[in-house]
Every structure is written in C-alpha cells, then in structure tokens.
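The numbering used here puts the first residue of the sequence shown at 4, with every later residue one more than the last.
What follows is one structure encoded as structure tokens, with my remarks underneath.
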Amino acid sequence: MTDAENGAPEESSMSPDTGGAVPAQASAEPGPAAAEAGADAGAEAAGTDAGTGSVDGESAGAGSPDAAGPGGDAADRAAAVAALAERVRSVGRSGPGDAASSASSPASAPEDGAAPATPADGTGTGTDRVVTDEQRAQALRATAEVLGAGGAPAELAAAAVSLFGDGAAEQLREDPWAVLSLPGVRPEHADGFARGLLGPAAGPGDPRRAQALVGWLLEQAALRGHSALEIGEVTAGLERLGVPDSAAAVQAAVLDGRAMPFQEELTGAEAHAAGGDDEDEPPTRTLLALERLALAEESLADGLVRLMSTFVPGEDQEDQEEQAESAEEAAAETVDEAADEDAADEASDEDADGADAEDAAEAAPQAPAAPGPAAWEAAAEAAPSSSAAALVRATAASALVLHTGGEAARAEPAALLATATRLGLRAWAATWTDHGRAAFAALAPLADTPAPAPVATLAELLAGAAGPGRSPDGTLALDLLVVLDAPLLDVELAATLLESLADGTRLVLSGDPGQLWSAGPGRFFADLLTAKVCPAVASRTPDFGPIGELVSGVGIGELQPVEAPDKEVVILTAKDSGEAVHRAVQLLTDSIPRALGIPSEQVVLLTPGHGGGAGTRALNAAAKARLNPGPGRFAGFDPGDRVADSPAPGHTRLARVVDGDAAGLHLEYPDGTRRTVAPADAQKLRHGWALTVHQAVGRHWPGAVVVVPDDAAPALSRQWVYTAFGRGERHLSVVHAAGPALPQAVAERPAAPRTTRLRAILAENAVQEY
C-alpha cells in the first residue's frame with residue numbers, strides 16, 4: 004500500500020510494451036518494504052501501485068521470471084553460490100584487473116558514483132570542459148530523439164543528459180539498458196526500450212542487460228536501506244529477471260567496476276545459523292556493494308577510528324603547571340647556553356630575541372581548552388541527573404560516545420553541551436530538523452546560556468550556514484560535537500560528517516534506537532551500538548505521561564491500553580480505509596480542537612505511505628476540502644495551503660502557501676523565512692496536512708493522528724509504530740483499520756533487516772572494549 008516517503012514527484016516512467024516503451028499514465032508506488040527502509044528518492048516511480056508489486060522491487064524482465072528461476076535443490080544452489088563467491092573473490096586477488104583497479108580506471112564510474120565514465124569520443128559529463136547552452140540544447144534534442152526511437156518518454160532526456168553528460172544519446176544507442184539508471188525506469192521498461200532500438204537482437208542474455216541489472220538490483224537494495232547485498236541474493240534476483248547466466252553477469256559486473264566484492268567472517272548468531280562449528284575456519288559470506296556505498300562505509304569506519312586513536316584527554320591544572328615549569332627551565336637553560344657561546348653580541352641578541360619572542364607570542368594561536376579529569380568530575384557531580392553525570396564522565400574520557408534514550412532524555416546531551424561550554428570547550432550540537440533545533444535550544448540548562456545557543460541543524464552545520472565555522476585545514480572549529488537524532492544518518496552523510504571533524508574531536512551521538520532508521524542506506528547508529536568499540540550511555544530518564552507509557556510498551560513489543568484521564572491517548576477502529584480517512588479528518592478539523600483546545604494548525608495526520616485509500620494523497624485531499632477548499636490555482640495549491648517541501652530523502656520542511664504568480668509559488672516557513680519555488684519545481688511539493696512517518700521524524704506536534712489503513716499490514720513494524728506514536732506531545736489519536744495486524748507487527752516485527760558492512764570493518768580495525 005505504501006510508496007516512497009518523500010515529497011518528490013512521480014518521475015516519468017515507462018510502461019512495458021511488446022513494441023517498445025510508452026509513457027505511463029498512472030503514478031507508480033513501491034512496495035511496503037521500500038517505504039519502511041525510507042526509500043524516499045526515486046522509489047515512488049520505481050514500484051507498483053497500492054502495494055501490489057513485489058516487496059523487494061524486483062519485477063520480471065523480458066524473459067519469463069517464472070521460467071528462469073533457479074533449479075535443483077537447496078544444496079545444489081548453495082554449492083553454486085559458494086563457487087561463484089570464490090570466483091568473485093579471485094577477481095579481487097587478480098592484481099591490476101581486479102574490481103578496485105577497474106573502478107579507478109578511466110573507463111569506470113567516478114568515486115562518488117554520480118555519473119558513468121567519460122565516453123571515448125571526448126564527450127563527457129561537463130566536468131572536464133565547458134558546455135554551452137547551445138551544446139546542452141543539442142544534447143537534449145539528440146537524447147530525446149534516441150529515447151523516442153526506443154519508445155521512451157522524451158521527458159527523460161533531461162535526466163539522461165544530467166547523468167550521462169552531453170554524450171547521453173550515443174551512450175544510450177550503444178547500451179540501451181543504460182536507461183535503467185534513470186529515475187522511475189524498471190527492467191521491463193528498459194527491455195522494451197532496447198527492443199525498440201535493437202529489434203530482435205535485444206535478448207535476455209545480452210551482457211549489457213545483465214550488467215545493468217546487477218547495478219539496478221544493488222540500487223534497489225540501497226533504496227530499501229542495504230549498503231550491500233549477499234552474492235546469493237544478487238544471483239537470485241538476476242534469475243528472476245530472466246538472466247540465463249547470473250554467475251557470469253556478477254563476475255562481469257565486478258570486473259567492470261559496477262560492483263565491489265567483499266568477504267566477511269560471520270560471528271555469533273549469524274555464524275551459528277550458517278553452520279559454522281569449525282573454530283579454525285569460521286564461516287564467511289561474500290557481499291557485493293555499489294562503489295559509492297562501499298567507499299562511504301570504509302571512509303566512515305576510518306573516520307571513527309581516527310577520532311578514537313588521536314584523542315588526548317585533558318590534564319588537571321597541577322599537571323599542567325608542572326609541565327609549564329619544566330618547559331620554562333628548559334628554555335632558560337637554552338638561553339644561558341646561547342649567551343655563553345656569543346657573549347660579545349649579548350646586548351643586540353637580547354634585543355632581537357625579545358622582539359622575536361614578542362612577535363611569536365602575538366602570532367601564536369591560542370591553545371584550545373583542555374579541562375582535566377578533576378574539572379570534568381566536578382562538572383559531573385553538578386549534573387542535573389545520574390544519566391547526565393554518566394554522559395559527562397564518558398565524554399571526558401572518550402572521543403566517541405553513544406547516548407540512547409527517548410524524548411525526555413534529550414535533556415542529558417543539553418546538560419553536557421552547557422557543561423562543555425562552561426569548561427571552555429568549543430562545543431556545538433546538531434539536530435535533524437529546525438523544529439528539533441528550537442526545541443533542543445529551549446531545554447534547561449541550555450536556555451540559561453548566553454544567546455544564541457550553540458545549536459544548528461546538521462545540514463546548516465555542514466554547509467556552513469550556521470555553527471562554529473571552519474579551521475584553516477577545512478575541518479569544523481570544534482572540540483565537541485553532539486549529534487541528536489543520530490539513527491537518521493545514513494552511511495554517506497555520516498561519512499561526510501566524520502570527514503569534517505579534526506583529529507581528536509569529541510563526538511557524542513545521541514538518539515532513540517527504537518525509532519526508524521535513516522531514509523538512505525545503512526544503519527550507522529545501530530551498527531555502532533552493536534560493534535561495542537566505544538562507551539554507550541543508556542538514559543534512565545523515561546518519557547512520562549500516557550503517551551510515554553504507550554510508546555515505552557511498544558518499544559518492548561507490547562501494545563497495551565493505557566490510562567488517559569485527560570484523553571491524551573484515544574484509539575479508534577475503522578472498518579476500511581474510507582472510514583479511516585473520514586474519522587481522521589474529523590479529528591483534525593473538529594474533535595481535537597473542540598475537545599482539547601489544540602488548533603488544527605498544530606495537529607498532523609500520519610500514515611505509512613502516499614498511495615492507497617488512506618495514504619497522504621487521500622488524507623490531504625480530504626483535509627484541504629474541509630480546511631482550505633479551492634481550485635488549486637497555482638500548480639494545484641491555493642494560498643493558505645499547508646505544504647511539505649522534501650528537497651532530499653529524509654529531509655522535509657513544512658511551509659504555508661502565501662501566494663503564487665508567474666515567478667512561482669511563494670512559501671513561508673515556521674521560522675518566518677520565505678522562498679519562491681519555481682513553477683517547474685512546484686510539482687515536487689505535496690500538501691502537508693498529512694505526512695508519512697518518515698517525513699515526520701525529527702519533529703513533534705502538540706497533537707498527532709496516526710492512520711493505519713486496512714492494506715498497511717506489510718508496511719508495519721515495531722519501529723514504525725514506535726516512531727509514529729511518539730510524534731504527539733499532548734495528544735495521540737490512532738485510527739486503524741488493520742485489525743490484528745497492528746499488535747502483531749509490534750510483537751513480531753522489530754524492524755526490516757538491513758545488510759551493512761560497518762560492523763565488520765570496525766571489527767577489523769577497532770578493539771571491542773565496551
């Protein structure tokens with residue numbers, strides 16, 4: 004039922020046809036697994052409507068998937084996968100021809116994975132030469148012509164030129180399956196496009212098709228949150244897509260640099276499940292990863308190890324004074340020796356030395372504050388709670404610290420930030436949203452610090468729009484950084500953050516491990532907790548009230564009724580999605596404002612996805628009809644409409660439509676800032692009375708109405724319910740038509756699994772001391 008969970012528009016897609024590809028008439032929505040993985044970007048057009056597509060997003064290609072399935076019994080299949088894994092590993096050991104060498108060669112994709120290689124004819128992505136407007140227009144025309152020849156929508160031309168450069172037309176002619184890299188294009192669409200260009204020569208066994216499908220499967224896995232896939236899953240996906248020799252396709256993709264292979268030893272429960280009883284040879288698994296994700300995870304692990312290995316704790320004042328006296332004595336001895344060697348020029352040398360010393364004192368940078376153990380311990384004893392004291396002590400002794408807890412526990416990193424500021428450290432905090440920034444800055448004792456509080460959103464901090472600024476070496480000018488909502492960081496963003504921190508910087512990662520993971524690939528915070536390479540402080544501060552009690556129960560797998568004398572929690576049932584929409588909008592527009600005094604502007608509707616009978620589209624349409632009816636004069640919007648602006652996966656800003664004209668749609672954000680959205684970009688906006696839960700992470704509302712439709716069962720998990728129920732501050736209403744699926748999800752499905760490599764990399768490079 005669910006689809007991708009951001010505000011991006013449905014991308015132009017292609018529908019399969021025996022004669023080629025034609026524009027799709029209806030929007031396409033991915034299966035529930037994609038939404039639960041936070042697959043916001045591009046996935047909406049890559050799936051099927053109303054949850055009727057496959058959960059893993061792998062539909063049939065030109066060949067019949069049913070006829071192309073793996074044969075033999077499970078033992079034969081396991082043996083075949085093991086043999087393929089060994090062949091792939093041999094590719095990595097083969098020297099200059101290995102995947103890494105291929106990946107770094109001119110014929111492969113660049114390190115950031117943003118675009119394919121520069122074609123041999125000299126046409127490129129535009130990074131190596133200036134592309135004029137006329138050249139770009141010509142490239143668009145040529146690309147649209149090629150797309151039309153294959154039966155694909157001409158609207159894809161802009162995306163193709165952006166991705167492949169001004170040589171996009173030639174690249175698509177040479178490799179029609181390259182169209183699979185464009186947003187919204189699925190294997191059956193690419194097969195139709197290839198048949199339109201190549202005719203009967205476009206067969207399911209074409210090597211170009213096979214290699215493109217390897218990359219597509221890994222990209223689809225990334226949309227579901229995986230940073231890597233086991234090799235057996237990739238070959239099984241290829242077989243379902245009609246590839247006759249999946250093993251050869253994987254080997255070719257590794258040699259071409261489209262995928263990078265890794266071998267990992269299995270430990271613990273994974274090793275036991277794999278039948279690893281031999282202590283001399285622990286079981287292993289072979290993973291395939293997209294280059295950009297492989298490099299990001301490696302860079303992330305390197306950054307974490309670098310912080311921990313370069314950290315030097317401060318010293319107490321007594322120790323510092325002793326060191327200073329020793330340094331002064333050594334300097335005095337040096338001066339005496341120099342004076343004895345050149346007594347004749349003593350007067351002039353003294354004048355010169357004095358001037359040089361004065362200049363050096365003026366030019367020398369001021370040493371950063373480095374409070375010693377005694378100062379930290381005194382601060383810990385003055386902390387407002389035992390959990391805050393534990394966090395202060397852990398931060399004093401370690402460069403990397405994890406902190407877990409609910410909403411009330413955010414007071415503990417606030418206390419740490421205020422403490423570090425008083426100790427003279429350059430300390431800042433980063434939140435996920437502007438709402439979180441304002442709420443965190445208002446917490447005591449931060450509210451008592453001189454304004455403005457050292458708090459910024461993570462995006463502002465990394466972009467330089469707010470924060471401490473940069474040091475000469477380009478790193479953030481910080482001694483301590485506290486990152487709130489850390490589970491929302493994917494591996495690429497986390498790697499960028501670590502690269503921006505100087506050696507020895509203290510980093511505190513705080514978050515609620517029960518909430519949804521990042522919209523992008525990886526499970527950064529969860530992997531760090533499991534790796535046990537740094538101290539982790541678990542808060543003992545509970546979330547109070549009926550909502551806190553309900554959410555705490557969900558966190559341990561129990562959905563139990565709670566006492567709510569002031570109607571803080573209301574649970575309503577509905578027979579179907581239509582009734583659920585009616586009840587939810589009634590709560591938004593009438594019941595909650597009238598009975599609880601919470602205005603509609605401070606209430607949000609939350610649902611698993613955008614599509615379906617009770618998705619955001621249906622809810623927003625009903626809410627607009629009640630709260631701000633109008634014809635949608637400006638790109639479907641009217642002045643006064645609430646909108647959701649999602650410029651990137653996992654990032655959503657709420658705004659209100661002020662007006663619209665030829666220049667675009669004029670929006671006003673909660674902080675008073677305004678922005679004009681160009682007409683071409685207005686389609687990326689959605690109405691914002693109803694949001695998906697992934698869009699709502701990092702913020703809270705006085706009132707929240709959670710809608711659980713009757714077709715939402717596949718999308719539900721304990722993580723989703725925990726996050727959804729925790730969005731309300733004063734009131735929570737739950738309208739569900741899912742029957743027993745809701746408590747079953749809470750009890751039996753903690754979270755959708757993700758395959759990642761960070762834990763294994765840290766196990767090889769860091770010591771498990773905690």
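We put the CB at the ideal spot given by N, CA and C, even for glycine.
The structure displayed is predicted, hence computed values, not measured ones.
Reducing DSSP to helix, strand and coil, say where residue i ends up.
i, result
"residue 692", "coil"
"residue 240", "helix"
"residue 68", "Note that residue 68 scores a pLDDT of 34, beneath 50, so its modelled location is shaky; the value from the coordinates is reported in the next line. Reduced to three states, the DSSP call for residue 68 is coil."
"residue 195", "helix"
"residue 757", "coil"
"residue 684", "coil"
"residue 474", "coil"
"residue 433", "strand"
"residue 184", "helix"
"residue 312", "helix"
"residue 584", "helix"
"residue 534", "helix"
"residue 637", "strand"
"residue 724", "helix"
"residue 565", "coil"
"residue 579", "coil"
"residue 752", "coil"
"residue 338", "Unreliable positioning characterises residue 338 in this predicted model, as indicated by a pLDDT of 43, which lies under 50. A coordinate reading is not provided."
"residue 44", "Low confidence applies here, because residue 44 scores a pLDDT of 37, under 50, leaving its location unreliable; read the following figure in that light. Looking at residue 44 - three-state DSSP - the assignment turns out to be coil, as it is neither helix nor strand."
What are the boundary residues of the beta strand (DSSP E) that includes residue i?
i, result
"residue 610", "606–610"
"residue 777", "Past the boundaries of the shown model lies residue 777; the chain is included only from 4 to 773, so the question cannot be answered."
"residue 650", "645–651"
"residue 667", "667–671"
"residue 264", "263–268"
"residue 705", "704–711"
"residue 512", "509–514"
Quick one, which of the options has its alpha-carbon nearest residue i's?
i, options, result
"residue 712", "701, 682 and 745", "745"
"residue 764", "530, 439, 430 and 227", "530"
"residue 663", "299, 653, 754 and 678", "678"
"residue 290", "242, 245 and 237", "237"
"residue 317", "302, 307, 428 and 248", "428"
"residue 320", "296, 287 and 377", "377"
"residue 310", "565, 302 and 507", "507"
"residue 494", "524, 372, 553 and 598", "524"
"residue 773", "740, 540 and 755", "540"
"residue 729", "608, 415, 450 and 478", "608"
"residue 294", "285, 230, 267 and 305", "230"
"residue 717", "675, 612 and 194", "612"
Cβ atoms of residue j and residue i: under 8 Å apart, would you say?
i, j, result
"residue 314", "residue 292", "no"
"residue 489", "residue 472", "no"
"residue 734", "residue 570", "yes"
"residue 446", "residue 382", "no"
"residue 465", "residue 521", "no"
"residue 434", "residue 443", "yes"
"residue 252", "residue 217", "yes"
"residue 190", "residue 162", "no"
"residue 626", "residue 575", "no"
"residue 615", "residue 714", "yes"
"residue 726", "residue 696", "yes"
"residue 543", "residue 487", "no"
"residue 533", "residue 288", "no"
"residue 200", "residue 260", "no"
"residue 598", "residue 586", "no"
What distance in whole Å lies between the Cβ atoms of residue j and residue i, which are believed to be in contact at a cut-off of 8 Å?
i, j, result
"residue 632", "residue 660", "14 Å between Cβ atoms; not a contact."
"residue 307", "residue 403", "6 Å"
"residue 374", "residue 424", "With a Cβ gap of about 11 Å, residue 374 and residue 424 do not count as contacting."
"residue 736", "residue 700", "Rounded, the Cβ-Cβ distance is 19 Å, inconsistent with contact."
"residue 538", "residue 401", "5 Å"
"residue 648", "residue 658", "6 Å"
"residue 710", "residue 567", "Not a contact, Cβ separation roughly 19 Å."
Residue range of the alpha helix (DSSP H) that residue i falls in?
i, result
"residue 422", "414–425"
"residue 395", "389–400"
"residue 138", "136–152"
"residue 555", "548–558"
"residue 621", "619–630"
"residue 3", "Outside the modelled stretch of the chain, which goes from 4 to 773, sits residue 3, for which no answer is possible."
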